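These notes concern the structure reproduced below.
Numbering (the working numbering), first residue to last: 28 to 176.
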């Protein structure tokens, strides 16, 4: 589902489920949207991956950097693995953050909307396993929208 916030940020809500293939596909799809815009990813853990979980999460972090995403917000037990891989792959540290809960990502995004680091025409992918409840981020962003006259 694609929606647009009052500031013009386009949100791709793919928060229902995630595995390495669907996460990579979502990241590639959103990265292909628009050439003169910024791309953001708000990612939660991919759950139930077994013993290779950390390495699979690292692969996603590296992919985010390789695709040229401008900002990355991550939450979950494997967030540090994603962040470390994104930074190792060249993503600037100040553009990558971890959060305790999905809804807390809204604070960072709201701050960036206000100061102009992100805005109209930019794209945000929200994705994670169902158990991560990433939809709470979208609900919080929608709650913060100004009332319609």
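Just so it is clear, CB atoms sit at the ideal spot from N, CA and C, and this is done for glycine as well.
These figures come from a predicted structure and were not determined experimentally.
Bridge-paired residues (DSSP) for residue i
| i | result |
| --- | --- |
| residue 150 | 37, 66 |
| residue 98 | 67 |
| residue 30 | 38 |
Beta carbon of residue i nearer than 7 Å to that of residue j
| i | j | result |
| --- | --- | --- |
| residue 34 | residue 146 | yes |
| residue 68 | residue 43 | no |
| residue 45 | residue 155 | yes |
| residue 164 | residue 129 | yes |
| residue 152 | residue 53 | yes |
| residue 112 | residue 89 | yes |
Reduced DSSP category for residue i - H, G, I as helix; E, B as strand; rest coil
| i | result |
| --- | --- |
| residue 122 | helix |
| residue 60 | coil |
| residue 72 | coil |
| residue 156 | coil |
| residue 107 | helix |
| residue 145 | coil |
| residue 89 | helix |
| residue 128 | coil |
| residue 117 | coil |
| residue 171 | coil |
Nonlocal neighbours in the same chain, by C-beta distance under 6 Å from residue i, ignoring five residues either side
| i | result |
| --- | --- |
| residue 84 | 105, 108, 109 |
| residue 30 | 38 |
| residue 162 | 42 |
Cut-off 8 Å between Cβ atoms - residues of its own chain near residue i, not counting five sequence neighbours on either side
| i | result |
| --- | --- |
| residue 133 | 164, 167, 168, 171 |
C-beta neighbour in chain C for residue i, strict 7 Å
| i | result |
| --- | --- |
| residue 134 | In the structure shown, chain C does not exist; there is a single protein chain. |
Other residues of its chain near residue i: CB distance less than 7 Å, five sequence neighbours each side excluded
| i | result |
| --- | --- |
| residue 55 | 94 |
| residue 117 | 92 |
| residue 76 | 83 |
| residue 123 | 99, 110, 113, 114 |
Proximity test, residue i beta-carbon vs the ligand ADP heavy atom, cut-off 6 Å
| i | result |
| --- | --- |
| residue 172 | Absent from the structure shown: the ligand ADP. Ligands present: none. |
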